[in-house]
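So the sequence lines, in the order shown, correspond to chains X and A. Taken in order, the first sequence gives residues 1 to 372; the numbers are from the working numbering. Taken in order, the second sequence gives residues 1001 to 1380; the numbers are from the working numbering. Step one of this worksheet: look at the structure below.
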Amino acid sequence: MSVTEFSRRGLLKTAALGVAGATLNLGAVKRTFAAADLTVGIVYVGARDDFGWNQAHAVAIKSLKEVPGVKVVEEENVPETDAVSKSMESMINLDGAGLILATSFGYYTPFVVDLAKKYPDVQFRHAAPLWSQDKDPKNAGSYFGYLNQAHYVDGVAAGLCTKKNKIGFVAAKPIASVLSNINSVLLGARSTNPNATVQVIFTGDWSMPVREAEAANALVDAGCDVITCHVDGPKVVIETAEKRGVMSCGHNASQVPLAPKGFITGAEYKWITIYKGYASDLAEGKSLPNFLTGGYEVDFVQNTPFGAAATEPAQKAALAAIEGLKAKKPIYVGPLKDNKTGKVVIDKTYGNLDPFLDKMDYLLEGVVGSTT
Amino acid sequence: MSNTPVATGAPRELIDPLTTRAAHSDFAVRLRANSEYVVIPLLALIIAAGLFAVFLMAIGKSPVDFVSYVWRGGFGTAFSFQNTLQRSAPLILTALAVAIPARIGLIMIGGEGALVLGGFAAGALAIPMIGHAPPMVALVLMALFAMIVGGFWVGFSGFLRYARGVNETISSLLLTYIGIAIMNFFVEGALRDLSNPNKPSTMPIGDAYMVGKIPGTQVHWGFAFGLALCVALYFLMARTTFGFAARVTGGNSRAALAQGLPVGRLIVACSAIAGACAGLAGFFEVAAIQGRANASLAAGYGFTGILVSFLARHNPLVIPPVAILLGGLVASGGLIQRRMELPDATVLVLQGFIFVVLLTSETLYGRFAIFRSTKERDRT
Chain X
1 MSVTEFSRRG LLKTAALGVA GATLNLGAVK RTFAAADLTV GIVYVGARDD FGWNQAHAVA
61 IKSLKEVPGV KVVEEENVPE TDAVSKSMES MINLDGAGLI LATSFGYYTP FVVDLAKKYP
121 DVQFRHAAPL WSQDKDPKNA GSYFGYLNQA HYVDGVAAGL CTKKNKIGFV AAKPIASVLS
181 NINSVLLGAR STNPNATVQV IFTGDWSMPV REAEAANALV DAGCDVITCH VDGPKVVIET
241 AEKRGVMSCG HNASQVPLAP KGFITGAEYK WITIYKGYAS DLAEGKSLPN FLTGGYEVDF
301 VQNTPFGAAA TEPAQKAALA AIEGLKAKKP IYVGPLKDNK TGKVVIDKTY GNLDPFLDKM
361 DYLLEGVVGS TT
Chain A
1001 MSNTPVATGA PRELIDPLTT RAAHSDFAVR LRANSEYVVI PLLALIIAAG LFAVFLMAIG
1061 KSPVDFVSYV WRGGFGTAFS FQNTLQRSAP LILTALAVAI PARIGLIMIG GEGALVLGGF
1121 AAGALAIPMI GHAPPMVALV LMALFAMIVG GFWVGFSGFL RYARGVNETI SSLLLTYIGI
1181 AIMNFFVEGA LRDLSNPNKP STMPIGDAYM VGKIPGTQVH WGFAFGLALC VALYFLMART
1241 TFGFAARVTG GNSRAALAQG LPVGRLIVAC SAIAGACAGL AGFFEVAAIQ GRANASLAAG
1301 YGFTGILVSF LARHNPLVIP PVAILLGGLV ASGGLIQRRM ELPDATVLVL QGFIFVVLLT
1361 SETLYGRFAI FRSTKERDRT
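Written as structure tokens, this is what we have:
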């Protein structure tokens, strides 16, 4: 079993390595799964094939299903009401789920927290950094990826691909994680192209297909020749960019099929690392970590395999940037100024996971656009 | 009933003198006439199930599995059935929000807006009361406020209908979007709980102020209130002068005006009752489930309630079983997704079949001689 296990992981790894170009980390790979069956239940807020957030989880779940001794039950389009607690409870009662993965932000309070109290023998993990050591049950927890690292790599590649030095960014809401992605694209692009700027348009909500299309069009009209985004389902943005004949970088999941001509690379979560870790911990009878978060250095994020628009130098620079991130090379090298008042907002160089950066409420100098 | 000849009613009339059968036949005639309202919907359900079975076989899945999972996921275990009842609770209330105006001839579909605003009103009213008012007082005030706000919202549609002749279906639907926007405006602005950075919500009302479960079950009190309101509103509409006047107005509002009935007030009152029901559903969403008001209130219960009310032919007493049936389908939808690896839309396909076939079956009423009394048949 360990042999087949090893080769499959190797295969998976190689697929990821097409981009990452890292070496196999044997220590992390050596996982043994006991024959004891584990049923994992996962709930999605939208469709599993949304080319975005839900798909990123569904892709990981698909390869988790291949792990021997692990059974997965999935439910999609579960709203953030008591429907989700009933779905999770049904997975526990009718399917015997021992681990529940709740993947939408609004599932956490009150639903995950209450159910974790009600079913102390079941493990609950939620895909957003919300778990609190003091308040929340010990059988609940959070996992999340620092996607801004992969956006930084997008920026590195886009900086070398752009001819007009203008990158367009369609963003949902001006909250910290989105702002960090925008700023990371800028810093990535500036690292390979000092003249690059990022122009941003906020749509105001996570899923606004019509406004996303308008925003993408407006950015192209404003002269941007690379478009990227942070919205729930990037499908509309990427398709609009492709239709307008400009290049694009993806978000959340692989959008390669949507842009056969203009795709460069995209920022993706790599949930499978976390999910397989959970499964093996449970199989070995270990307790699950309550709080898991990180980026390239722990293999929680990845970049989409290069598309047709990624030039040779861009690919090389991107792969080098990934190697740097794996070695914890910082993205935010201070001092850095904001784009509104020119005030220094990042006084020194911060590590990529520094909590100081989680409170980001500014756009850096070089970004065109405003948070308000 | 079974020994009554079907095709040849007349000879039997000659053999049995009316006088000796009077008491028995009165009941038999009513049973016969009313059984039409049971048999035809059942027939429609069976036909819809048949169509859906064909659909399942066409995509290579077993209808037998489907039925067994619906049973297991929606009704078969204590957990499943309580899951079903809990899911039916908001549907009962939002269905009432459609059924009551329907009795006065209005197609009012604004339950969603009244639910959202009612829930928001309850959540907002709770903020100054947390920690000060006793929970029982706070909850009663929140429920009343939710009903008043909901009642006002749908009542306004009714008023526009009567006073300005605005189509109530359109106005109530549009008011729904305005209602959701108002809720979002406050939840993302003035009343936002800043300790919850990424999901805009009002302040949590706290465990002490939550509505509990019905003792011995996992079902919250909204279900019991829904049932009680169904019975109460059935009596209001069927057994009181108010209900009679409303039904007369629904039958022919000009005739009702000519009779001197207060048509305007009746329309606004029925609409307001409807809105109050939906507002109460919103109150329970906030006080029994979410613990705060946020965008999750707009979960579509108001729209599913329209389906329930139409399936129940706007009869308050039929609403609970229909809501439970739909709740069971939705509750088992998860199990079906998980076990049969079918997409979430499968259950919607079934709901669609049921809705279309049931609406089509409306044309069957009065077409079967078996449901008519022998005397009626003689006359025709």
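The beta carbon of each residue, even a glycine, is placed where N, CA and C say it ideally should be. Values in this document were obtained by computation on a predicted structure and should not be read as measured data.
In this structure, X:Ala58 is the residue among X:Asp82, X:Ser85, X:Ala58, X:Val84 with its C-alpha nearest to the C-alpha of Val72 of chain X. Under the three-state reduction of DSSP output, Ala127 of chain X falls in the coil class, being neither helix nor strand. Within chain X, Glu76, Asn77 have C-beta atoms less than 7 Å from the C-beta of Asp1344 of chain A, given in sequence order. Annotation: the continuous beta strand (DSSP E) that includes Thr265 of chain X extends over 263–269. Interface residue (Cβ-Cβ distance to chain X less than 8 Å): Asn1083 of chain A is classified as such. If you ignore the 5 residues before and after Ala1323 of chain A, its C-beta comes within less than 7 Å of the C-beta of Ser1088, Leu1091, Ile1092, Ala1095, Val1308, all in its own chain and listed in chain order. Those residues of the stretch 168–192 of chain X placed with their C-beta closer than 9 Å to a C-beta in chain A are Lys173, Ile175, Ala176, Ser177, ordered along the chain. The Cβ atoms of Thr349 of chain X and Tyr146 of chain X lie no closer than 8 Å to each other. If you check the CB distance, Leu325 of chain X and Tyr296 of chain X come in under 8 Å. If only complete runs of 3 or more residues are kept, the stretch 114–196 of chain X shows the beta strand (DSSP E) at 123–126, 140–145, 166–171, in order along the chain. Within the stretch 1256–1320 of chain A, the alpha helix (DSSP H) runs of at least 4 residues that lie entirely inside it are, in chain order, 1263–1284, 1301–1311.
Of all residues in the stretch 77–95 of chain X, only Asn77, Val78, Pro79, Glu80, Thr81, Asp82, Ala83, Lys86, Ser87, Glu89, Ser90, Met91, Asn93, Leu94, Asp95 place a beta-carbon less than 8 Å from a beta-carbon of chain A. In terms of Cα proximity to Leu1229 of chain A, the closest of A:Ala1276, A:Gly1366, A:Gly1105, A:Met1210 is A:Ala1276. In the structure shown, Glu75 of chain X falls within a strand segment according to DSSP collapsed to helix, strand and coil. Proximity of chain X to Gly1291 of chain A at the Cβ level (cut-off 9 Å) is accounted for by Thr109, Pro110, in chain order.
Taking C-beta separations shorter than 8 Å and ignoring five residues to either side along the sequence, the partners of Lys1061 of chain A in its chain run Met1340, Leu1342, following chain order.
Cβ contact annotation for Ala1312 of chain A (same chain, cutoff 6 Å, sequence separation greater than five): Val1318, Ile1319, Val1322, in chain order. DSSP, reduced to helix, strand and coil, places Cys1230 of chain A within a helical segment of the structure shown. Of all residues in the stretch 1319–1339 of chain A, only Ala1331, Gly1334, Leu1335, Gln1337, Arg1338 come within less than 7 Å of chain X when Cβ atoms are compared, listed by chain position. Beta-bridge partners assigned by DSSP to Leu101 of chain X: X:Ile42, X:Arg125. Per DSSP, Gln315 of chain X is one residue of the alpha helix (DSSP H) stretching across 312–326. One finds Lys1199, Ser1296 in chain A with Cβ atoms closer than 7 Å to the Cβ of Gly106 of chain X, taken in chain order.
With respect to Leu1233 of chain A, Gly1073 of chain A sits apart: the two C-beta atoms are not nearer than 8 Å. Here Asp136 of chain X is buried: its Cβ has 16 or more other Cβ atoms, across all protein chains shown, within 10 Å. Residue range 1135–1164 is occupied by the alpha helix (DSSP H) that includes Phe1156 of chain A.
For Phe1079 of chain A, the chain X residues whose Cβ falls inside 8 Å of its Cβ are Glu89, Ser90, Asn93, Leu94, in order along the chain. Per DSSP, Thr1363 of chain A lies in no alpha helix (DSSP H) and is assigned neither H nor E. Sixteen is the threshold: since fewer than 16 other Cβ atoms of the shown chains lie within 10 Å of the Cβ of Ala1208 of chain A, the residue is exposed. Between Gly46 of chain X and Glu76 of chain X, the C-beta spacing is below 8 Å. Residue pairing by DSSP puts Gln302 of chain X in a beta bridge opposite X:Glu268. DSSP places Phe1242 of chain A in the helix class (H, G or I) of the three-state scheme. Counting only residues of its own chain and dropping the five nearest sequence neighbours on each side, Val220 of chain X has a CB closer than 6 Å to the CB of Arg244, Val246. Below 8 Å, too few C-beta pairs join the stretch 1049–1069 of chain A and the stretch 1236–1255 of chain A to call them touching: fewer than three.
The count of Cβ pairs closer than 8 Å, one atom from the stretch 1343–1362 of chain A and one from the stretch 1098–1106 of chain A, stays below three, leaving the stretches out of contact. Linking Lys328 of chain X to Phe291 of chain X through their CA atoms gives a straight-line distance of about 20 Å. DSSP, reduced to helix, strand and coil, places Met1203 of chain A outside both helices and strands of the structure shown, so it counts as coil.
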